[in-house]
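Mapping of the sequence shown onto the working numbering: residues 61 to 462, in sequence order. To start, the structure itself, in structure tokens.
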Amino acid sequence: MDQIGSGLARISYFCRINLVYKLNNNDVKIGILGGGQLGRMLQEQGLEYGIDLYFMDGDPKASCAIFNNYKLGSFKSKEDIIAFGRDKNIVTIEIEHINTEALEDLDRAKVEIVPSVASIKMIKNKAFQKTFYLENNIPTSEFLIVETDKLDEKEVLSWFPLVQKSQTEGYDGKGVVVINDVNDIHKQLRVPSIIEKKVEIKKELAITIAIESNGNVKLFPICEMVFNPELNLVDYVIAPALISVEIEKKVKKIALQLAKCLKTKGIFSIELFLDQNDKVLVNEIAPRAHNSAHYTIEGTNISQFEAQLRILLDLPLPEIHLISPSGMLNLIGEENYQGKPEYKNIEKLADVGQAHIHLYGKRETKPGRKMGHITVLNTDRNKLIEELNYLKTHINVVSNEK
Ligand code: ADP
């Protein structure tokens, strides 16, 4: 008993040393590549921990441009990333489409890169990602890697209906096309791509995993995603997902398996398909905080952003649980409006008991642009959906600079 007791004391003693080093060191400098809404919400957590983060982004009007430590630079440029990162203790990302050669150089120069450069390199290319799943026995839809910028009609004949995805640079459904049959072949993307069998999707699910410095893994609740079919964007997210215990077990098993194979600390979001035969397939992963877990700011005992910050600081995480069934509604720029945003009918928020708004401070709305989100908490799932639909039909992002 005594031995166990003293062992635990020793472990927590080491944690404290670490904590003093990273959190109480005024010089700890954490750099974020990307200055959009994810960085902004991470900085909100930073304020609670008394930490000013450093940002680099190419957009002078980005969500993080209001912060003192905001630097203009391209995350495609090796020189810009190195110039930004070399005086930081830790560098992390808000977007995976970045120059990873620069990250390798920083890593060699003893700047801590979170998550590992290897995991970012694997995820930023969908062909590498799918190969990673195959090699690690992670269930995913069947795929074929196409290195040319034209599909071979004969080769893809047996794949219809198929989904073609550009290997790199895709996001929010851009770089993804569905090709149902040969008549659709003109829709093909003219870039190196992967093609996948089109899955008969019953539900789209997501789970965020937090991998701590000591390798412990904490799982966020499984949520389900409802899509806007026109924009291919998530319209709202509901947690918990309405799935059987069996499916929940399958998803968690895959999440833990992935955490083990990734071999790095960090926050990862896993998007999955549940097909008509109740098979669970990994669609893709993101090496960072993600839209599908924004509900965790109010919906769970620790948010994805706080978990991310704690991981960066080597601070431990509690077990994660839902505080209440939650729904997250994206506020997306309406079609036909571009310019200074106007949040129409925003006062309707007051009609919903537990609605929390997060506007990203973007100075310009564009069709399909993510401008903010609203999280709603309600113990009654049906009422929760009603409230989400109410807010979705009333609140719109437009502009009077039509
Ligand atoms: P992005 O990286 O742009 O988010 P995704 O790979 O997540 O792209 O694809 C966007 C959406 O397209 C998915 O959420 C899903 O609705 C649909 N989709 C993608 N792959 C498939 C597939 N193999 N079968 C059926 N639908 C798919």
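Glycine included, C-beta positions come from ideal geometry on N, C-alpha and C.
In whole angstroms, what is the alpha-carbon distance linking residue i and residue j?
i: Ser329; j: Asp411; result: 32 Å
i: Glu229; j: Ser179; result: 16 Å
i: Gly133; j: Lys430; result: 22 Å
i: Lys210; j: Asp165; result: 34 Å
i: Lys262; j: Asn240; result: 18 Å
i: Ala353; j: Ser218; result: 37 Å
i: Pro221; j: Ser273; result: 42 Å
i: Ile183; j: Glu156; result: 7 Å
i: Thr200; j: Ala299; result: 23 Å
i: Ser72; j: Asp374; result: Residue confidence is low: Ser72 scores 41 on pLDDT, short of 50, so the model does not pin down where it sits. Its coordinate-derived value is still stated next. In a straight line, the C-alpha of Ser72 is about 12 Å away from that of Asp374.
i: Lys257; j: Glu202; result: 6 Å
i: Asn197; j: Thr191; result: 10 Å
i: Lys225; j: Ile141; result: 27 Å
i: Phe74; j: Gly91; result: With a pLDDT of only 40 at Phe74, under the threshold of 50, the placement of this residue in the model should not be trusted; the figure read from the coordinates follows. Straight-line Cα distance between these residues: approximately 25 Å.
i: Tyr403; j: Val297; result: 21 Å
i: Val251; j: Gln227; result: 8 Å
i: Glu366; j: Leu341; result: 28 Å
i: Leu437; j: Ser176; result: 35 Å
i: Glu264; j: Leu98; result: 22 Å
i: Gly145; j: Arg441; result: 45 Å
i: Asp167; j: Glu195; result: 26 Å
i: Glu108; j: Lys310; result: 36 Å
i: Tyr397; j: His418; result: 20 Å
i: Leu318; j: Lys278; result: 12 Å
i: Cys283; j: Cys124; result: 28 Å
i: Lys408; j: Ala169; result: 52 Å
i: Arg348; j: Tyr355; result: 15 Å
i: Asn351; j: Gly428; result: 14 Å
i: Ile64; j: Leu322; result: Any reading at Ile64 must be qualified, since the residue scores a pLDDT of 38, below 50, and its modelled position is unreliable; the value itself is stated next. The alpha-carbon atoms of Ile64 and Leu322 are separated by roughly 31 Å.
i: Lys313; j: Asp338; result: 15 Å
i: Val151; j: Val242; result: 46 Å
Return the residue from the list the options that minimises the CA-CA distance to residue i.
i: Phe135; options: Ile150, Asp147, Asp117, Val151; result: Asp117
i: Asn17; options: Leu113, Ile141, Glu264; result: Residue 17 cannot be examined here, being either before or after the span of the chain that is shown, 61 to 462.
i: Tyr193; options: Leu332, Lys247, Pro120; result: Leu332
i: Gly275; options: Phe203, Thr152, Leu373, Lys325; result: Lys325
i: Leu382; options: Pro289, Thr439, Gly428; result: Thr439
i: Leu205; options: Glu195, Glu215, Ala187; result: Note that residue 205 is Ile in the sequence shown here, rather than Leu. Among Glu195, Glu215, Ala187, the Cα nearest to that of Ile205 belongs to Ala187.
i: Lys234; options: Leu249, Val242, Ile271; result: Leu249
i: Ala301; options: Ala319, Leu334, Asn288; result: Leu334
i: Ile153; options: Pro378, Ala346, Leu389, Tyr397; result: Ala346
i: Asn343; options: Gln189, Asn243, Ser176, Asp244; result: Gln189
i: Asp244; options: Glu213, Tyr355, Ser176; result: Glu213
i: Gly94; options: Pro120, Leu107, Ile111; result: Pro120
i: Ile303; options: Pro281, Ile254, Lys320, Glu395; result: Pro281
i: Thr208; options: Ile307, Asn460, Ser253; result: Ser253
i: Glu379; options: Glu395, His246, Ile362, Arg423; result: Ile362
i: Asp399; options: Ile255, Asn460, Leu448, Leu163; result: Before going on, a small fix: residue 399 reads as Gly here, not Asp. Closest by alpha carbon: Asn460.
i: Gly96; options: Lys131, Gly110, Ile111; result: Lys131
Between the beta-carbon of residue i and the beta-carbon of residue j, is there less than 7 Å?
i: Tyr420; j: Gly432; result: yes
i: Lys89; j: Asn185; result: no
i: Gln105; j: Leu369; result: yes
i: Pro376; j: Val457; result: no
i: Ser386; j: Gly359; result: yes
i: Thr268; j: Gln336; result: no
i: Asp295; j: Val305; result: no
i: Lys426; j: Gly393; result: yes
i: Asn159; j: Lys181; result: no
i: Asn405; j: Ile445; result: no
i: Ile327; j: Ala266; result: no
i: Val174; j: Leu372; result: yes
i: Thr435; j: Met388; result: yes
i: Lys247; j: Val237; result: yes
Give the DSSP-derived three-state secondary structure of residue i in the structure shown.
i: Phe287; result: strand
i: Ser459; result: strand
i: Tyr420; result: coil
i: His157; result: coil
i: Thr356; result: helix
i: Val238; result: strand
i: Ala301; result: coil
i: Cys75; result: Reliability fails at Cys75, whose pLDDT of 43 lies under 50, so the model's placement of it is uncertain and the value that follows must be treated cautiously. Here Cys75 sits in helix by DSSP.
i: Ser66; result: With a pLDDT of 38 at Ser66, under the threshold of 50, the modelled position of that residue is not reliable, and the figure given next carries that caveat. Correct three-state label for Ser66: helix.
i: Gln7; result: Nothing can be reported for residue 7, as the shown portion of the chain is limited to 61 through 462.
i: Ala122; result: coil
i: Asn343; result: strand
i: Phe135; result: coil
i: Glu379; result: coil
i: Tyr130; result: strand
i: Thr152; result: strand
i: Asn442; result: helix
i: Asp295; result: strand
Are the C-beta atoms of residue i and some chain D residue less than 7 Å apart?
i: His418; result: Among the protein chains of the structure shown there is no chain D, as only one such chain exists.
(message) I'd like the ranges of any alpha helix (DSSP H) spanning at least 4 consecutive residues and lying wholly in the segment 245-279.
(response) none
(request) Entirely within the segment 176-235 and at least 4 residues each: give me those alpha helix (DSSP H) ranges in chain order. (result) 177-184, 186-195, 213-216
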